[in-house]
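So the structure is just underneath, and the comments pick up after that.
Residue numbers (the working numbering): 65 to 183.
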C-alpha cells in the first residue's frame, strides 16, 4: 500500500472515487469499489457506521432508507439483519444482489490495490 507521502509526490491531481465509482454503480458497495480500481482511481473514499452489535459496515447514511430496502437506523439492526438487505436495486435492478459490506470485507477485497480514505 502506498503512503500519503508517496501520493503527495505525484505530479497530477489525485483521482478519488467518492463512495467508489458511484456514477455507474451503487455507492459504497463492493461493485463500486472494484469498478474504481478497474478505472485506476488513486483512492477510494468510503463511509462507516456501526451495527447494533457494533460491527463496522460500509454505508454513508445512518439511516437505511435511501440506499437499501431497509428502514430505520443502521445502529438499530444487527449485522445478520443488515446483510439481508438489498443495497443495489435503488440504483438499478441489475445490482439487486449487492449488499452492505462490512469494513473487513472491503479491506480484504481491496487490500494492496488502492489507497483508502475511511470516513
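Built from N, CA and C at the ideal position, the CB exists for glycine as well.
Would you mind giving the Cβ-Cβ distance between residue i and residue j, rounded to the nearest angstrom? I have them listed as a contact below 8 Å.
{"i": "residue 181", "j": "residue 91", "result": "Actually they do not touch by this definition, with Cβ atoms about 14 Å apart."}
{"i": "residue 95", "j": "residue 86", "result": "About 10 Å; that fails the 8 Å criterion."}
{"i": "residue 167", "j": "residue 112", "result": "6 Å"}
{"i": "residue 125", "j": "residue 143", "result": "The Cβ separation is near 17 Å, so there is no contact."}
{"i": "residue 28", "j": "residue 115", "result": "Residue 28 cannot be examined here, being either before or after the span of the chain that is shown, 65 to 183."}
Counting only the same chain and skipping the five closest in sequence on each side, list residues whose C-beta sits under 6 Å from that of residue i.
{"i": "residue 81", "result": "100, 105, 108"}
{"i": "residue 170", "result": "122"}
Under 7 Å Cβ to Cβ from residue i, same chain only, skipping five residues before and after it: list those, please.
{"i": "residue 151", "result": "90, 93, 131, 132, 162, 163, 164"}
{"i": "residue 160", "result": "150, 152, 153"}
{"i": "residue 140", "result": "116"}
{"i": "residue 129", "result": "135"}
For the beta strand (DSSP E) holding residue i, just list the boundary residues, first then last.
{"i": "residue 81", "result": "80-82"}
{"i": "residue 172", "result": "Premise fails: residue 172 lies in the alpha helix (DSSP H), 167-174, not in any beta strand (DSSP E)."}
{"i": "residue 108", "result": "107-110"}
{"i": "residue 182", "result": "179-182"}
Give the range of the alpha helix (DSSP H) segment to which residue i is assigned.
{"i": "residue 101", "result": "94-102"}
{"i": "residue 145", "result": "143-147"}
If contact is defined by three or more beta carbon pairs under 8 Å, each pair taking one atom from either stretch, is the segment 168-179 in contact with the segment 134-142? Touching, no, given that fewer than three Cβ pairs across the two stretches are closer than 8 Å.
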